[in-house]
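The structure appears below as structure tokens.
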Amino acid sequence: MSRRALRKLVNALALGLSGLATAVGLFFLGAILWTLLRSGLAGMSLQLFTAMTPPPGSAGGLLNAIYGSVVMTVIGILIGGPIGVLAGTYLAEYGRNARISGVIRFVNDVLLSAPSIIVGLFVYELLVVRMGHFSAIAGAVALAIIAIPVTVRTTEDMLNLVPQGMKDASTAMGAYHWRTITSVIYPAARSGIVTGLLLAVARISGETAPLLFTALNNQFWSSNLAAPIANLPVVIFQFALSPYPNWQQLAWSGALIITMSILVLSIAARFVVSSLGPGGRS
Amino acid sequence: MSSVAAIEPAQASGQRLRERAFRTATFAAALLVLALLGGVALSLLLGAWPALAHFKLDFLTREIWNPVTDKFGALAPIYGTVVTSFLALLLAIPVSFGIAIFLTELAPVWLKRPVGVAIELLAAVPSIIYGIWGLFVLAPILQRHVQPWLIDWLGPLPLIGRLFQGPPYGIGVLTASFVLAIMVIPFISAVMRDVFETVPDVLKESAYGLGATTWEVIWQVVVPYARTGIIGGVMLGLGRALGETMAVTFVIGNAHRIGSSLLAPGTTISASIANEFAEAVGDLYTSALVALGALLFLITFAVIAAARLMLMRLDRRALSSV
């Protein structure tokens, strides 16, 4: 074989393999979604959203788990969101060139990829040990801690995209920096910040590991924030590993609910960015 | 006459006060990020102290894990964590590399975005979903079709044969590695794609001008240029794999032992914590699990920090997907 033919062969082979690799990646996404749909839809019914988690062998739903997940996610983002936005504001505006900002950016990036189970242990030591029992609020705090780095990162990136000219114009009118930030920069970067918050919600609503020993679980309806609370991820974990068919079916339905919510949120986040002015990531 | 001096002194001082309050609030929030990391490190160390003081270095070197007699050694979880992460990377790196090449060099423009988004969605799927899928779909397939084949063909071989012996359980170290690989592929390929896109077109075009094939351009121009970023992306994936909890907990079998076979059940640091922590009775048991967590924190911190340092030179915005 001539050297030229060999080079062309190697080229075709390598490019073929890279196409194959992409197909493999897409195949697994498809396989997971297909399994979820097939196994999850089988258990879809109105009861799923109106009844509590049942004992083994009897009919029931996931109402308390869905409620607990929503409550903790909402509280988590209510705590973590503002902190993340403020910290991101410091990094992009007041402390843009401060030496400490470099350190904070680095630490934030590390937290962004840190294992979530570590956060669970931290909150356990911080709150659960002190309160003496597992609680919904501990779970929410754990989720908030996971939401913070995501929000910090996106907020800073989005604020940096606001044109310097707009900021200068506001300053030239005599506005203080806080006024410029709240009246000019935040509105200009709104869609970007919203995207960051949506992504943070998507991230925390599927987290299981940090809830295992903070919120724990609760077989019954509970709206007491100081008590353990049921939540979808931990219920899925427990029910899927149980030997009871009705529990396993509920686990699949819960998995479908969670995944669909997260995929919708993730896609919505991208849509917000591309449809609403600045802050768009290509 | 002078409308310039319209701002009353009182109003100006109110503005200054608000300015200071807002500035302080943002700074406090930023410091909280630092405090979080410090708080995590401190609380883990404090929580781990009883076990570390009791077992000293034995904690790291012993395999025994017996809650009944209060004897704990972390060797089996450490071993499981390292082996599953290593195997996962072994499987994930080539695939991620291929995906990144496809997305940057091969895919037509109309295909780039949908495929890129689909791969990113794979990263958004929560880990518990990978776990339940791995347990109910992947493990039976591996048990019925893949593992018997491995045992028959690779088991009798010298040296590596030991890795593929024993009954096909379905769940075990190999299955966990496989699920981990699928999980880290989107992360590694997203970073690689972003890194590849930083290679200046001029470099690639000059190589094409010399008659290089697409593959030669990738291998001899793009890869050397992007080397640091590629390693950074792989390290980021490694950090992810080391700390991944739920997906592994479902499929690894949770056995505190070091088996020579990859088909045997094992455990990892995070899986041990997830499985046992809520039910751990006794201070020493709890502390031993927190010590495992502290160990995981140290390892992942080092890996992630190294990765972030390598990726620092890149445009931060290019990496916002991870």
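Here the protein sequences line up with chains A and B, keeping their order.
Position 83, counted from 1, in the first sequence is what the working numbering calls 83; the numbers after and before it change by one each time, with no gaps.
Position 188, counted from 1, in the second sequence is what the working numbering calls 188; the numbers after and before it change by one each time, with no gaps.
Built from N, CA and C at the ideal position, the CB exists for glycine as well.
Predicted model, so just to flag it, every value in this text is computed and none were measured.
Three-state secondary structure assigned by DSSP to residue i
i                 : result
Gly277 of chain A : Bear in mind that the predicted position of Gly277 of chain A carries a pLDDT of just 49, short of 50, making it too unreliable to give a figure here.
Trp65 of chain B  : strand
Lys8 of chain A   : helix
Phe122 of chain A : helix
Ala169 of chain A : helix
Glu205 of chain B : helix
Ala14 of chain A  : helix
Glu279 of chain B : helix
Trp221 of chain A : coil
Gln165 of chain B : coil
Asn246 of chain A : helix
Ser43 of chain B  : helix
Ser135 of chain A : coil
Ile193 of chain A : helix
Leu161 of chain A : coil
Arg257 of chain B : coil
Ala107 of chain B : coil
Thr214 of chain B : helix
Val223 of chain B : helix
Val4 of chain B   : Unreliable placement is indicated for Val4 of chain B, whose pLDDT of 49 sits below 50; no coordinate value is reported for it.
Ala307 of chain B : helix
Ser45 of chain A  : coil
Closer than 7 Å at the beta carbon, the chain A residues around residue i
i                 : result
Ala118 of chain B : Leu26 and Leu29
Trp133 of chain B : Ile32 and Thr35
Thr300 of chain B : Ala114 and Pro115
Gln15 of chain B  : Tyr176
Gly209 of chain B : Chain A residues near Gly209 of chain B: none, gap ~16 Å exceeds 7 Å.
Val137 of chain B : Thr35
Contacts that residue i makes with chain A (C-beta to C-beta distance below 8 Å)
i                 : result
Ser43 of chain B  : Leu121, Phe122, Glu125 and Leu126
Gly39 of chain B  : Phe122 and Leu126
Val251 of chain B : The contacting residues do not exist; Val251 of chain B stays about 11 Å from chain A at best.
Val95 of chain B  : Ala21, Val24 and Gly25
Pro265 of chain B : Near Pro265 of chain B there are no residues of chain A at all, since even the closest Cβ is about 14 Å away, more than 8 Å.
Rounded separation between residue i and residue j - CA only
i                 : j                 : result
His54 of chain B  : Ala92 of chain B  : 39 Å
Leu103 of chain B : Thr228 of chain B : 19 Å
Arg240 of chain A : Tyr225 of chain B : Here the sequence assigns Ala to residue 240 of chain A, which means Arg is not the residue at that position. Going from the Cα of Ala240 of chain A to the Cα of Tyr225 of chain B covers about 46 Å.
Gly88 of chain A  : Gly80 of chain A  : 12 Å
Ala74 of chain B  : Val107 of chain A : 28 Å
Leu17 of chain B  : Phe271 of chain A : 39 Å
Asp194 of chain B : Ser242 of chain A : 42 Å
Leu37 of chain A  : Leu256 of chain A : 7 Å
Leu63 of chain A  : Arg130 of chain A : 30 Å
Leu78 of chain A  : Ala144 of chain A : 8 Å
Ala30 of chain B  : Arg23 of chain B  : 11 Å
Leu262 of chain B : Asn275 of chain B : 21 Å
Val141 of chain A : Thr267 of chain B : 28 Å
Phe213 of chain A : Leu295 of chain B : 18 Å
Ser333 of chain B : Ala114 of chain A : Lying before the first or after the last residue shown, residue 333 of chain B is absent from chain B, which here runs from 1 to 322.
Arg144 of chain B : Phe277 of chain B : 33 Å
Val303 of chain B : Thr50 of chain A  : 45 Å
Tyr90 of chain A  : Leu52 of chain B  : 39 Å
Glu207 of chain A : Ser69 of chain A  : 10 Å
Phe86 of chain B  : Ile182 of chain B : 13 Å
Which residues DSSP lists as bridging residue i, in chain order
i                : result
Lys71 of chain B : B:Asn66
Residues that residue i contacts on chain B, provided the C-beta gap is smaller than 9 Å
i                 : result
Phe220 of chain A : Within 9 Å Cβ-Cβ: nothing; Phe220 of chain A doesn't reach chain B, min ~18 Å.
Pro228 of chain A : Those do not exist, as Pro228 of chain A stays about 10 Å from chain B at its closest Cβ, beyond 9 Å.
Phe237 of chain A : Ile128, Gly131, Ile132, Met246, Thr249, Phe250 and Ala274
Chain-ordered neighbours of residue i on chain B, where CB pairs are closer than 8 Å
i                 : result
Val103 of chain A : Leu34
Asn11 of chain A  : Thr213, Thr214, Trp215 and Glu216
Phe213 of chain A : Phe277 and Ala278
7 Å Cβ cut-off: residues of chain B touching residue i
i                 : result
Asn108 of chain A : Val33
Ala14 of chain A  : Trp215
Arg130 of chain A : Neighbours of Arg130 of chain A on chain B: none; closest Cβ ~11 Å, over 7 Å.
beta-carbon residue i near the ligand GTP non-hydrogen atom, thresh 8 Å
i                 : result
Phe134 of chain A : This structure simply doesn't include the ligand GTP, nor any ligand for that matter.
**Prompt:** When Cβ atoms are compared, which residues of the segment 213-225 of chain B fall closer than 9 Å to chain A?
**Reply:** Thr213, Thr214, Trp215, Glu216, Ile218 and Trp219
**Asked** In the segment 97-112 of chain B, which residues sit with their C-beta less than 7 Å from some C-beta in chain A, listed in chain order?
**Response** Gly98, Ile99, Ile101, Phe102 and Leu106
**Request:** Output, in sequence order along the chain, the residues in the segment 241-253 of chain A whose CB is closer than 9 Å to any CB in chain B.
**Result:** Leu241, Gln248, Ala251 and Trp252
**Prompt:** Of the residues that make up the segment 229-241 of chain B, which ones have a beta carbon closer than 9 Å to any beta carbon in chain A?
**Reply:** Leu236, Gly239 and Arg240
**Item:** Where the segment 87-102 of chain A meets chain B: residues whose CB sits under 9 Å from a CB there
**Value:** Ala87, Gly88, Thr89, Tyr90, Leu91, Glu93, Tyr94, Gly95, Ile100 and Ser101
**Request:** Could you run through the segment 267-298 of chain B and flag, in chain order, every residue whose CB is less than 7 Å away from some CB of chain A?
**Result:** Ser270, Ile273, Ala274, Phe277, Ala278, Val290, Gly293, Leu296 and Phe297
**Prompt:** Looking at chain A, which residues of the segment 17-29 of chain B have a Cβ within less than 7 Å of any of its Cβ atoms?
**Reply:** Arg18, Glu19, Phe22, Arg23, Ala25, Thr26, Phe27 and Ala29
**Request:** For the segment 133-152 of chain A, enumerate the residues whose C-beta is nearer than 9 Å to any C-beta of chain B, in chain order.
**Result:** Phe134, Ile145, Ile148, Pro149 and Val152
**Asked** Using a Cβ cut-off of 7 Å, which residues of the segment 54-77 of chain A contact any Cβ in chain B, in chain order?
**Response** none
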